[in-house]
């Protein structure tokens with residue numbers, strides 16, 4: 005299991021700049037990678053199911069996952085507004101596809117764990133080559149965050165320097 009492609013769904017079903025074409029999906033399978041379905045607020049839970057089914061039919065259960073992005077979007081799809089609705093999604097996907105418990109487990113997170121396991125292997129090798137983390141601070145960089153991100157700045161190197169930060173209201177276009 006290789007690279008995880010987050011926030012990607014099939015471009016042929018929904019035209020969105022973060023979505024992938026069929027030829028990319030085919031390469032995902034060839035490279036033993038996977039894509040995670042990203043939720044967009046202009047679709048419904050049924051559209052999400054359609055995307056999952058399309059990807060599964062095209063490249064298989066080993067190459068699909070779910071990425072809710074609930075911390076980065078204003079609202080989720082109709083019927084899938086938050087993670088409490090995931091059981092409905094699982095039921096719909098299972099009913100339509102006849103997926104096994106193992107297939108659903110892959111979709112719901114097992115594929116992600118496989119990628120992370122591979123990342124840990126690479127990290128062990130890199131630790132031997134470069135044992136000290138490199139903390140790069142971009143002093144001149146202007147960081148733009150949604151207002152709610154003020155509490156999570158420790159995730160971004162350089163963002164702790166408050167005078168370089170710009171906070172925006174994500175509810176306005």
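Residue numbers (our numbering): 5 to 177. Where is the CB? At the ideal position from N, CA and C, for every residue including glycine.
The beta carbon of residue 100 is closer than 7 Å to those of 53 and 57 in its chain, skipping five residues each way along the sequence.
Secondary structure at residue 64: coil, using DSSP grouped into helix, strand and coil. For the pair residue 33 and residue 55, the CB atoms are not nearer than the 8 Å cut-off. Cβ-Cβ separation between residue 116 and residue 69: approximately 6 Å, consistent with a contact (criterion under 8 Å).
The C-beta of residue 95 has fewer than 16 other C-beta atoms within 10 Å across all chains shown, which makes the residue exposed. The shortest CA-to-CA distance from residue 46 to any of 25, 84, 28 and 126 is the one to 84. DSSP places residue 98 in the uninterrupted alpha helix (DSSP H) bounded by 90-101. Residue 83 sits in coil when the DSSP states are folded into three classes, being neither helix nor strand.
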